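Have a look at the structure below, then the notes.
In the numbering used here, the protein residues as written are 69 to 312.
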């Protein structure tokens, strides 16, 4: 058995299709497997709407795709519910439409005019009208984690020592401190994104595959087969060794 995972997409539809092409090539050689998308479908990139359309269409067509919720996905739907609501994991001095978060790029992909430069109330009204109901329900209903054998897939990470069914959603989509610096055994290999790095890295107890697509880097896909983790490239699988 093998399972694929794709890191933080952030509105980059072309990059997502490129990774799906790499996975299709790998499946042609090694057989089919489930594809897990680790969340952050939206924000910063140019086509968040296209990413969601693509994923919904694939799932409806019967593709074995799992899509997890990231913190940016949660902020998107929270904004649609209430433009003044504050996500539990976000600093109090920031909002989803702050330039650092990239929410304006998401609304622009739905045709909302200058969403970062206009009063909140009319922008929100246009956003609610512009985002299709099936997009809103799809993103709000995304699961926060899934498991395949001895591997747990999650957007940000886990709180060490807490069984998965008891994890808080805010930790699963936001955590860094207490997870990234934990070197112990989680009881499963954790595959995650959320924390942007230059290239996918295997830390022994976790694998981070957020290779900074949100900041001009590539979007990465991996395949896990038994205890082995491989990065997918145009030349095929490249073993991802544990960092010393």
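The C-beta atom is built at its ideal place from N, Cα and C for all residues, glycine as well. This structure is a prediction, so every number in the text was calculated from the model and none was measured.
{"Item": "Where residue 276 falls: helix, strand or coil (DSSP)", "Value": "strand"}
{"Item": "Identity of the residue in 128, 136, 111, 150 nearest residue 196 by Cα", "Value": "150"}
{"Item": "Length-filtered (4 minimum) alpha helix (DSSP H) runs lying within the segment 186 to 225", "Value": "188 to 198, 201 to 208"}
{"Item": "Residue 270 and residue 308 closer than 9 Å at C-beta", "Value": "yes"}
{"Item": "Span of the alpha helix (DSSP H), counted from its first residue to its last, around residue 147", "Value": "139 to 149"}
{"Item": "Residue of 264, 78, 279 minimising C-alpha distance to residue 116", "Value": "78"}
{"Item": "Sequence-distant residues of its chain with Cβ nearer than 8 Å to residue 279 (five each side left out)", "Value": "75, 264, 265, 266, 267, 268, 285, 286, 287, 288"}
{"Item": "Contact under 9 Å by Cβ, residue 300 with residue 292", "Value": "no"}
{"Item": "Of the residues 272, 261, 298, the one placed nearest residue 109, counting alpha carbons only", "Value": "261"}
{"Item": "Coil, strand or helix - residue 88 by DSSP", "Value": "helix"}
{"Item": "Which of helix, strand or coil DSSP assigns to residue 118", "Value": "helix"}
{"Item": "Own chain partners of residue 101 with C-beta closer than 6 Å, once the 5 adjacent residues on each side are dropped", "Value": "70, 71, 72"}
{"Item": "Rounded C-alpha distance that separates residue 306 from residue 190", "Value": "49 Å"}
{"Item": "Option nearest residue 243 by Cα separation, candidates 157, 96, 277", "Value": "157"}
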